[in-house]
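Counting in this note's numbering, the sequence shown runs from 23 upward without gaps.
Inspection log for the structure reproduced underneath, given as structure tokens.
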Amino acid sequence: MARALPFSITSIRRHCLMLVGLSTFLVSGCSHQDGNDLLTQLREGKPQEFLQTSVDRMATLTMRDNLDSLYLLMSKLYLRNPDELKKSGFLDARIAGKQVRMAIEQQQPLPTLGGKKDLAALRFAMSPEFLGDRVGAFIYAVGSMLVTAHGNRLEFYMTDAINPTFVSNAARNIEIATWILSQRQNKNGEPMLFSNEISEEGSNLSFAVEFGKIVARLDLLTQMLDERYRRIGLNYAQSLLFLNFLPVQ
Numbered sequence: 023m024a025r026a027l028p029f030s031i032t033s034i035r036r037h038c039l040m041l042v043g044l045s046t047f048l049v050s051g052c053s054h055q056d057g058n059d060l061l062t063q064l065r066e067g068k069p070q071e072f073l074q075t076s077v078d079r080m081a082t083l084t085m086r087d088n089l090d091s092l093y094l095l096m097s098k099l100y101l102r103n104p105d106e107l108k109k110s111g112f113l114d115a116r117i118a119g120k121q122v123r124m125a126i127e128q129q130q131p132l133p134t135l136g137g138k139k140d141l142a143a144l145r146f147a148m149s150p151e152f153l154g155d156r157v158g159a160f161i162y163a164v165g166s167m168l169v170t171a172h173g174n175r176l177e178f179y180m181t182d183a184i185n186p187t188f189v190s191n192a193a194r195n196i197e198i199a200t201w202i203l204s205q206r207q208n209k210n211g212e213p214m215l216f217s218n219e220i221s222e223e224g225s226n227l228s229f230a231v232e233f234g235k236i237v238a239r240l241d242l243l244t245q246m247l248d249e250r251y252r253r254i255g256l257n258y259a260q261s262l263l264f265l266n267f268l269p270v271q
């Protein structure tokens with residue numbers, strides 16, 4: 023019985039180099055500058071990117087940008103809510119933020135939330151019963167919700183499937199979380215977390231703007247996913263209509 027060839031990053035890199043060589047031949051008829059630009063892009067690309075469709079790559083970049091937006095919001099929230107930083111046990115907001123970031127990206131629980139994640143964590147983090155660092159807990163809850171909605175992955179490849187309904191639901195949950203952040207108050211009638219501000223001195227709507235960017239990215243990704251799966255269905259229907267066999271390898 024023939025042995026299966028091992029699949030590794032080394033083999034991927036070897037194929038990438040072959041593609042670079044082929045590209046060199048193909049661009050020989052183009053201008054020298056255009057050829058150099060194409061080769062530079064191929065060399066700078068990661069080998070894993072050759073296992074991604076355009077939608078997979080978009081989903082990966084969307085996740086990266088959305089998490090970066092959350093981390094930016096976390097920094098802003100710590101500035102506006104210094105008491106929450108003290109509750110975290112860290113003197114530096116960057117160190118406190120790093121712990122939250124690692125918990126999100128490594129899909130580990132945040133100790134102050136008692137093992138809760140995504141929606142359950144969000145409800146607890148913005149409840150009067152929660153006595154810990156509310157900034158870290160809120161950002162962790164939203165971040166873990168995003169990861170859950172994307173099938174518990176941060177990067178996406180051809181073999182991965184993303185449910186567009188869950189991504190769309192995540193966008194709606196972000197809108198709800200934004201409202202909770204701006205409206206939820208403690209027993210003294212004060213905001214649980216200070217974020218947007220509209221006063222005689224001026225307005226600060228940077229939190230709403232950043233959350234709006236996250237929602238827009240999620241909605242765009244939802245449309246792209248819907249179109250991809252719609253095309254898959256149409257291709258299948260066309261194969262039946264015209265009696266075309268479907269490829270098996």
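Even glycine gets a Cβ: it sits at the ideal position worked out from N, Cα and C.
heavy atom of the ligand GDP below 7 Å from residue i C-beta
i, result
"Met167", "Judged by which ligands are present, the structure shown has none, so any question about the ligand GDP falls away."
Residue from the options whose Cα sits closest to the Cα of residue i
i, options, result
"Leu95", "Leu215, Gln245, Leu240", "Leu215"
"Glu212", "Phe188, Asn103, Phe233, Ile161", "Asn103"
"Lys209", "Leu168, Leu107, Ser149", "Ser149"
"Tyr93", "Val77, Thr200, Val164", "Val164"
"Ala171", "Val77, Ser76, Thr244, Glu71", "Thr244"
"Ala199", "Arg175, Gln70, Phe233", "Phe233"
"Ser110", "Gln74, Arg175, Tyr162", "Tyr162"
"Lys98", "Met80, Asn218, Glu127", "Asn218"
"Asn195", "Arg175, Arg206, Leu240", "Leu240"
Reduced DSSP category for residue i - H, G, I as helix; E, B as strand; rest coil
i, result
"Ile184", "coil"
"Ser149", "coil"
"Gly165", "helix"
"Tyr179", "coil"
"Leu73", "helix"
"Glu112", "With the sequence shown as reference, residue 112 is identified as Phe, and Glu is not the correct amino acid for it. Three-state result, Phe112: coil."
"Asp140", "helix"
"Cys52", "In this predicted model, Cys52 has a pLDDT of only 48, less than 50, meaning its place in the structure is not dependable; the value taken from the coordinates is given anyway. If DSSP states are grouped into helix, strand and coil, Cys52 belongs with coil."
"Pro131", "coil"
"Lys68", "coil"
"Asp105", "helix"
"Asn88", "helix"
"Asp78", "helix"
"Asn191", "helix"
Ranges of the beta strand (DSSP E) found wholly within the segment 193–248, counting only runs of at least 3: You should have 219–221, 224–226.
Meets three-Cβ-pair contact criterion under 8 Å: the segment 176–184 and the segment 143–157: no
At least 3 beta-carbon pairs within less than 8 Å: the segment 113–129 vs the segment 72–84: no
Given 8 Å, three or more beta-carbon pairs between the segment 102–117 and the segment 143–150: no
The segment 182–196 in contact with the segment 131–138 per 3-pair CB rule at 8 Å: Of all C-beta pairs linking the segment 182–196 to the segment 131–138, fewer than three are shorter than 8 Å, placing the two stretches out of contact.
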